[in-house]
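Enquirer: Structure incoming, see below.
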Amino acid sequence: MKTAELDDLETIPCKDCGVDIWKLQEYYMVSDACWKRSGMKPTGGMLCIGCLESRLGQKLKAINFKDCPLNWRNLALPDMASPRLVSRMLSGGKRSKWRRLLLRAYDEAMGGNPAMLEKLTLVNFSDPS
Ligand SMILES: [Zn+2]
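The opening residue of the sequence shown carries number -4 in my numbering; numbering runs sequentially from there.
Below you can see the structure in the form of structure tokens.
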């Protein structure tokens, strides 16, 4: 593979502001309906969280994120996701879809006690907006 092709792979520009989504760590998938509402085509490029939210006129919520391996990776390895992305995925407090899924996954993996699991969750992610 040539160097130019490698460079292409390492850069994913936001369609609206041009920021490198890979570097920003805002590589995610939202529901088809949400993407369509933003005016984006399925293969029409990618948007950072800020640009998608300004197109939608509102902040993203947990329910907007697809249940897919990429989004699971963002929660399982939060070092690979921006605080802004993680905060949107975990929005909604205790009722958050992703928070409940994460708790269940921890519980299954560790057979742990519920009180400990509560402490381990990512509820302390603040919303950096
Ligand atoms: Zn952008």
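Even glycine gets a Cβ: it sits at the ideal position worked out from N, Cα and C.
Give every residue of the same chain whose Cβ lies closer than 7 Å to the Cβ of Val19, excluding the five residues on either side of it in the sequence, and list them in chain order.
Expert: Correcting the residue type first, residue 19 is Leu in the shown sequence and not Val. Here the set comprises Cys43 and Ser77.
Enquirer: Quickly, what does DSSP pair Asp15 with across the bridge? List them, please.
Expert: The partner list for Asp15 (beta bridge, DSSP) reads Pro8.
Enquirer: Should Gly88 be listed as close to ligand 1, given that the test is whether its C-beta is under 7 Å from any heavy atom?
Expert: Every heavy atom of ligand 1 is 7 Å or more from the Cβ of Gly88, so no.
Enquirer: Does Ile58 pass the burial test, meaning 16 or more other C-beta atoms within 10 Å, or should it be called exposed?
Expert: Counting Cβ neighbours within 10 Å, Ile58 comes out exposed, since fewer than 16 surround it.
Enquirer: Sorry if obvious, but does the Cβ on Val14 come closer than 7 Å to a heavy atom of ligand 1?
Expert: Because some heavy atom of ligand 1 lies under 7 Å away, the Cβ of Val14 counts as near it: yes.
Enquirer: Name the DSSP beta bridge partners of Met41, please?
Expert: Met41 pairs with Cys9.
Enquirer: Excluding the 5 residues flanking Lys92 on each side, which residues of the same chain have their C-beta closer than 7 Å to its C-beta?
Expert: Around Lys92: Ala57 and Ile58.
Enquirer: Per the contact definition of three or more C-beta pairs closer than 8 Å, is the stretch 69 to 76 in contact with the stretch 46 to 57?
Expert: Too few Cβ pairs lie closer than 8 Å, so no.
Enquirer: Throw me the rounded Cβ distance for the Cys9 and Met41 pair, which I believe falls under 8 Å.
Expert: Right, their Cβ atoms sit about 6 Å apart.
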